[in-house]
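J.:
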Amino acid sequence: ATILIEGEEIEIPIEEIEVGDVLVVRPGEKIPVDGKVVEGKTKVDESMITGESKYVKKEIDSEVIGATVNQTGLIHIATEKVGKETLLFQIIDFVKQAQSRKAAKQQLADKISNYFVPAVIVIAVSAFLYWFFIGTQVYPALQATQLETSLQVFTSIVVIACPLVLCSRYFPIKRKVSIILIAS
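The UniProt record's numbering puts the first residue of the sequence shown at 1, with every later residue one more than the last.
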């Protein structure tokens with residue numbers, strides 16, 4: 001970043017920029033901090049933050065957002081926010097927090113699936129054992145073998161129950177995709 005000290009331009013690492021520093025931002029350069037234009041006029045590409053494809057006019061006293069791109073003119077910016085205080089960092093932090101928290105629907109689905117999945121497995125195994133040891137003797141007209149009949153019953157129970165289990169696992173995927181789409 002180029003900082004302006006007593007009329008002289010000095011290159012410094014972005015990490016060393018402090019609130020109150022005046023930065024020189026040339027056309028094509030990224031604006032490294034949140035601040036206000038104190039000299040010059042330009043148009044800024046804010047699409048990374050706002051999604052707006054048109055450039056936004058900036059002149060003296062206009063607010064600029066870090067990570068946006070200066071497009072047309074040389075400007076001087078008075079630094080107001082750096083690092084974790086910038087709008088971009090706050091957006092990133094918000095997205096991370098949103099991804100780490102579970103929605104109420106997701107929590108409910110997790111609670112239900114914690115009981116539902118073991119219950120389905122117990123029922124499916126019980127049905128398998130019943131049809132393997134007893135069912136084919138009770139219903140001798142079945143044309144399949146004991147093993148085939150037992151596997152069909154077991155598979156039917158699991159397949160019928162699967163959509164419910166998949167739905168409970170669908171919520172986190174849907175939520176993450178939504179957050180990613182909103183963030184981009």
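A virtual CB, placed ideally from N, CA and C, is assigned to each residue, including glycine.
Remember, it's a predicted structure, so these values are computed and weren't measured experimentally.
Helix, strand or coil: how does DSSP classify K109 here?
T.: For the record, residue 109 in the displayed sequence is Ala; it is not Lys. Correct three-state label for A109: helix.
J.: Please classify E85 as buried or exposed, where buried requires at least 16 neighbouring CB atoms within 10 angstroms.
T.: exposed
J.: Given that a residue counts as buried once 16 or more other Cβ atoms are within 10 Å of its Cβ, and exposed if not, what is S150?
T.: buried
J.: Opposite N114 in the DSSP bridges: which residues?
T.: Under DSSP, N114 forms no beta bridge with any residue.
J.: Hey, K96 and D61 are a contact pair by Cβ (cut 8 Å); roughly how many whole angstroms apart?
T.: So it is not a contact: roughly 33 Å between Cβ atoms.
J.: Under 8 Å by Cβ, that's how I've got N70 and P27 pegged, so tell me the actual separation to the nearest angstrom.
T.: 6 Å
J.: Report yes if the CB atom of V153 is closer than 7 Å to the CB atom of A119, and no otherwise.
T.: Against a cut-off of 7 Å, the Cβ pair of A119 and V153 comes out as no contact.
J.: For I123, which residues of its own chain have a beta-carbon under 7 Å away from its beta-carbon, when the five flanking residues on both sides are left out?
T.: I157
J.: By Cβ distance below 8 Å, which residues in the same chain neighbour residue 237 in space, the five residues on each side in sequence not counted?
T.: Residue 237 falls outside the range modelled here, since the chain spans only 1 to 184, and no answer is possible.
J.: Between the Cα of D34 and those of D45, V19, G40, spot the shortest distance and give me the residue it belongs to.
T.: Out of D45, V19, G40, V19 has the C-alpha closest to the C-alpha of D34.
J.: Please classify L23 as buried or exposed, where buried requires at least 16 neighbouring CB atoms within 10 angstroms.
T.: buried
J.: Which value, in whole angstroms, describes the spacing of the CA atoms of K41 and V56?
T.: 11 Å
J.: So A67 is in the beta strand (DSSP E); what residue range does that whole segment cover?
T.: Segment: none, A67 is in no beta strand (DSSP E) and carries neither H nor E.
J.: With respect to the alpha helix (DSSP H) encompassing V24, which residues constitute its N-terminal and C-terminal limits?
T.: DSSP places V24 in no alpha helix (DSSP H) but in the uninterrupted beta strand (DSSP E) bounded by 22-25.
J.: Let me make sure I understand the geometry here. Which of E8, V159, S47 has the alpha-carbon closest to that of I65?
T.: S47
J.: Suppose contacts are defined by Cβ-Cβ distances below 7 Å. Is I5 in contact with T79 by that definition?
T.: no
J.: So, V25 versus I77, is the Cβ gap smaller than 7 Å?
T.: yes
J.: With DSSP as the reference, label I77 as helix, strand or coil.
T.: strand
J.: What alpha helix (DSSP H) runs, 4 residues minimum, are completely inside the segment 22-58?
T.: 47-50
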